[in-house]
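Structure first, commentary second.
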Amino acid sequence: MAVKQIFRYLAGTRGLCLTYGATNSSGGYSDADWNSTNHRKLVGRYVFYLNGGSVSWSSKKQTSIALSTTEAEYMSMTQAAKEIVWLRGLLEELGATEHIRKM
0 MAVKQIFRYL AGTRGLCLTY GATNSSGGYS DADWNSTNHR KLVGRYVFYL NGGSVSWSSK
60 KQTSIALSTT EAEYMSMTQA AKEIVWLRGL LEELGATEHI RKM
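Heads up: the sequence shown runs through residues 0 to 102, numbered per numbering that gives the first Met the number 0.
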């Protein structure tokens, strides 16, 4: 059953693809969702894109408890900053120095 589901998914997404180079825009976004009434744990999200295509993204509930919206945003931004440092290092290793200035 699982293999059939995988093949159905692949057949249904055959025409979908990520297109890079369609635009010259690069950058990223970070956000946090903090709900003080239910669990007080934030959901941190970020996405980074290069030449118009997403190259890295994340959305997950953090293990720490934030005491304010400011702290929640700070925690989310910290995760995004760690990712951008890693991405810049990867681009540098690949010799894509023209893209490092954009991020």
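From the three backbone atoms N, C-alpha and C, an ideal C-beta is built for every residue, glycine too.
- Minimum Cα-Cα distance from asparagine 23 among the listed residues Asn50, Lys59 and Glu91 corresponds to Asn50.
- Taken in chain order, the segment 4-72 contains no complete alpha helix (DSSP H) segment of 4 residues or longer.
- Counting only the Cα atoms, glutamate 70 lies some 26 Å from arginine 87.
- Tyrosine 28 counts as exposed, since fewer than 16 other C-beta atoms from the protein chains shown sit within 10 angstroms of its C-beta.
- With 16 or more neighbouring CB atoms inside 10 Å of its own CB, alanine 65 falls in the buried class.
- Take methionine 0, set aside five residues on each side of it, and no residue of its chain has a beta-carbon closer than 6 Å to its own.
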